[in-house]
Amino acid sequence: MTDPAVDGDLGGLILFGFEGTRPQDVPVELVARAAGVILFRRNIESAEQLRALTEAIRAVPRQDRHPAVITLDQEGGSVSRLAGIGTTIPSAMALGAAGDDKLTQAMYELTGDELAALGINLNLAPVADVNSEPANPVIGTRSFGDDPALVSRHVRAAIAGLHAAGIGATAKHFPGYGGSQVDAHLELPTIPRSHAELRAADLVPFAGAIAQGVDCVMTAHAHYPALDSEPKPTTLSAVALEGLLRGELGFTGVIVTDCMEMQAIAAGYEPAMSAQAALHAGADLLLFSHTTSAVPAVIDALGGAVGNHGCSKERIHASLARVDALGRRLAKAFKESERLACVGSAAHQQAALEATRRAVTIVRDPLGLVPLSLGSDERLLVVVFAGSAATAVEDSAVLSAPAHGAPAGPARVRQATAIGQALAAGPARVQEQVRTLDPAGHEYKQILLAAGTASAIVIVTSRAAHHPLQARAVADLQLLGKRVVAVAAREPYDATVLPADMTVLASFGEGAHAMRAVAEVISGTIQARGTVPVHLTLSAAPAR
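Quick note, the sequence shown lines up with residues 1497 to 2040 if you use my numbering.
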């Protein structure tokens, strides 16, 4: 049964993605019906092109409805849709390592200024997850750390920074992905947190975000048995959304779902069914990121969520009113096109580099190798493990598992070799090898062969805890008796699988700024000032 009083407005509960980069690629009819759009790398070529695209979206007639919400994921670090055209700020964990709330606020205000200049008014950030599970396959450095109070402070600072730029903020992923061992892009995680554990840890940053006036809270596609005995995602749980988020935490803003096409949802529900269930559970804004052709049918099906299916007309109107208020408030974010000069500007890039420098951390240095002193007659081998380490959220078009051992693509090689380029500024002769994430066979032999004639070795790992062949290669290099410095480039947890007597630094990111900053620490140009914002189980170094 549908309700003619709300049928015409139900598109206002949808955010959708589309293919294309040109103004003529904008699906005008859907933009006119929906709350707004989400953009991905597939929509972005340059700052000028993106501004023209967002202007075309805003130009679509919407009668007396709010201006379109235009959003994307610009978290910083590995999840940065504007990489290559804008400024990629340090990852959340890097900012947690730097330990300065004001720095976090400044970085997110910088991000907000660039978003506003590009015509984007809502950021799907910051991540409020407490990364308590080292094996978490999807959060990692996207989290500020594993201490709830620290995460809460930085989440609040990030929201304040975005708001200072006039940009809306989204705390995600409620009630927390931090304890997951499964990527919800691929399957439904079950997180066995008790009520007490949730309240003591995972919910703390969300409470902080709400106190800070966060605009939206994004749901997690994960099952929490302590919240709902029925094995379904939080996104579809009224106990979690209406009972906990609205009732207990007092959130009055917009509840937005994570993408409804992720396998944690899509494997068990057709799009129309999942949309109805999420709306019934208490969600206000439903996100369909990839399959544009399915959206009209989803909008039509939402009428079936009214009346006999449990959603009252008043409940629908309440969601529409919240989304409308959000859209009208965020309309003020749009800035003049002249502001494009700030996007990726030299000043912004320098600020991001300085912030990254403050994050670099010496996890351990039992032999005092840092700074690494090398003469002009010595040779430094730099080995970088790079390749398809990207999780699904880092690649907008990926909805299935990334291939293992894929060769490093050009963009990743350029970023990875930034450390080699920076170290080459020193007196030693530098040889660099870029290897796949799981080096075996000829690659492994070439690493050992090059190491034989090197005076010292810098080896850059990438999620070595998930790629054991990296740890094996590092251990074998250590046995050569050379000076070896390891850099845990992606996650500091790599230190737990590397030899206990090895020098390990953490950069909390693989980007060019992170690699340059860690090279500066290794060479002694700057000192490491960061502190690891997660607990690492490190074994003691053997006696020598």
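Glycine included, each C-beta is placed from N, C-alpha and C at the ideal position.
Owing to the predicted nature of the structure, the values given are computational and were not obtained by experimental measurement.
- Of all alpha-carbon atoms in H1786, A1660, D1505 and F1881, the one lying nearest the alpha-carbon of E1610 is that of A1660.
- Within the same chain, and ignoring the five residues on either side of L1599 in sequence, the residues whose Cβ sits closer than 6 angstroms to its Cβ are A1851.
- Along the segment 1662-1733, the beta strand (DSSP E) occurs as fully enclosed runs of 3 or more residues at 1666-1670 and 1712-1715, listed in sequence order.
- In the DSSP assignment, C1838 forms no beta bridge with any residue.
- Boundaries around L1822 are those of the alpha helix (DSSP H), K1809 to L1826, since no beta strand (DSSP E) includes it.
- If you look at D1609, you'll find it in the alpha helix (DSSP H) that goes D1597 to L1614.
- Here L2034 carries a coil assignment [DSSP, helix/strand/coil].
- Annotation: E2016 is outside any beta strand (DSSP E); the continuous alpha helix (DSSP H) that includes it extends over A2008 to S2019.
- Nearest to S1574 by alpha-carbon distance, out of A1593, I1795 and R1986, is R1986.
- Counted as a single uninterrupted DSSP element, the stretch harbouring D1625 is not any beta strand (DSSP E), since DSSP gives it neither H nor E.
- Looking at the DSSP output, G1532 sits in a beta bridge with L1511 and V1565.
- The residues V1866, L2001 and A2024, in chain order, have a CB closer than 7 angstroms to that of I1858 in the same chain once the five nearest residues on each side in sequence are set aside.
- The C-beta of K1728 has 16 or more other C-beta atoms within 10 Å across all chains shown, which makes the residue buried.
- Three or more Cβ pairs closer than 8 angstroms define a contact, and the segment 1666-1680 meets that threshold against the segment 1615-1627.
- Exclusion of the five residues before and after P1701 leaves A1624, V1647, S1648 and V1651 as the residues of its chain whose Cβ lies within less than 6 angstroms of its Cβ.
- Here DSSP, grouped into helix, strand and coil, assigns S1872 to coil.
- DSSP places D1754 in the strand class (E or B) of the three-state scheme.
- If you draw a straight line from the Cα of G1580 to the Cα of A1827, it is about 26 angstroms long.
- Listed as beta-bridge partners of T1957 by DSSP are A1984.
- Three or more beta-carbon pairs separated by less than 8 angstroms link the segment 1502-1520 to the segment 1808-1820, which places the two stretches in contact.
- Cβ contact annotation for G1922 (same chain, cutoff 6 angstroms, sequence separation greater than five): S2019, in chain order.
- Counting only the Cα atoms, Q1772 lies some 45 angstroms from L1849.
- Following the DSSP letters along the chain, one finds R1652 inside the alpha helix (DSSP H) bounded by residues P1644 to A1660.
- Here the C-alpha atom of G1636 lies approximately 8 angstroms from the C-alpha atom of M1589.
- The Cβ atoms of Y1989 and A1961 lie closer than 9 angstroms to each other.
- For G1977, there is no enclosing beta strand (DSSP E), as DSSP gives it neither H nor E.
- A distance of 9 angstroms or more separates the beta carbons of A1705 and A1734.
- Between I1655 and L1568, the alpha-carbon positions lie close to 15 angstroms from each other.
- Less than 9 angstroms separates the beta-carbon of L1578 from that of T1584.
- In the DSSP secondary-structure assignment, R1931 is bridged to F1881.
- At the C-beta level, L1732 and A1774 come within 9 angstroms of one another.
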